[in-house]
Amino acid sequence: AQSVAQPEDQVNVAEGNPLTVKCTYSVSGNPYLFWYVQYPNRGLQFLLKYITGDNLVKGSYGFEAEFNKSQTSFHLKKPSALVSDSALYFCAVRGRDDKIIFGKGTRLHILP
Amino acid sequence: DAGVIQSPRHEVTEMGQEVTLRCKPISGHNSLFWYRQTMMRGLELLIYFNNNVPIDDSGMPEDRFSAKMPNASFSTLKIQPSEPRDSAVYFCASRPEVLGEQYFGPGTRLTVT
């Protein structure tokens, strides 16, 4: 069965420090992986995706994610956090049957 | 492009009433998705369409929920009769291609009293 796990409900990071939001997945066939961000009272916004190719994917707002097939992970990272990065982050996976599963979300708090 | 358009943005209704949520996807996008978001259950996929055809409605909670896509530029999600437990934010999203990312609308906040 397809699944996505975001093990942390909340992550707190001081401004200027690197941040990591974790995501692991389980899927049949090749994984297609996505990260989205949701600001208060808004719809989800696409950040980045992994389809194939380079394991390190760069996206919007300075975010990047590393695909690790052996660990079935797709962690979201940023070298230096901004207060404006505070939001709810979702990892999603698309499997062979085009079914798209979202994780439960991780709330990121950047402390000034 | 104006992005995905949803209406109404807010809906307050009484239990037992019919509710219709509307979505206009981005022009040229082939797939359309309906989601529901609550604090308790997070983001749930209700149904999605490819080329106006429903592909997977396994997430639709029960027969009170129905969705249609009569053409490529319009979709509705109907709840009849509505119940307080249907209170949530309902999102519509469209996608340009099978491996593409989804573009979400601003959502409709539904409150059933």
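If you read the sequences in order, they're chains A and B. Sequential numbering from 1 applies to the first sequence in my numbering. Sequential numbering from 1001 applies to the second sequence in my numbering. Cβ coordinates follow ideal geometry from the N, Cα and C atoms, glycine included.
- Query: Using a Cβ-Cβ distance under 8 Å, would A:Asp98 count as near chain B?
  - Reply: yes
- Can the beta-carbon of B:Gly1078 be found less than 8 Å from the beta-carbon of B:Glu1018? Note that residue 1078 of chain B is Lys in the sequence shown, not Gly. B:Lys1078 places its beta carbon less than 8 Å from that of B:Glu1018.
- Query: For the segment 93-108 of chain A against the segment 16-23 of chain A, are there 3 or more C-beta pairs whose distance is under 8 Å?
  - Reply: yes
- Reducing DSSP to helix, strand and coil, say where B:Gly1107 ends up. Residue state, collapsed to three classes: coil.
- Cut-off 8 Å between Cβ atoms - residues of its own chain near B:Met1015, not counting five sequence neighbours on either side: Pro1081, Ser1082, Glu1083, Pro1084, Val1112 and Thr1113
- Task: Mind checking the segment 1024-1054 of chain B against chain A and listing, in chain order, the residues whose C-beta falls within less than 7 Å of any C-beta there?
- Result: Gly1042, Leu1043 and Leu1045
- Task: Would you kindly check if the distance between the Cβ of A:Ala92 and the Cβ of A:Phe102 is under 8 Å?
- Result: yes
- Item | CB contact flag (A:Leu82, A:Glu15, <8 Å) | yes
- Closer than 9 Å at the beta carbon, the chain A residues around B:Phe1074: Those do not exist, as B:Phe1074 stays about 18 Å from chain A at its closest Cβ, beyond 9 Å.
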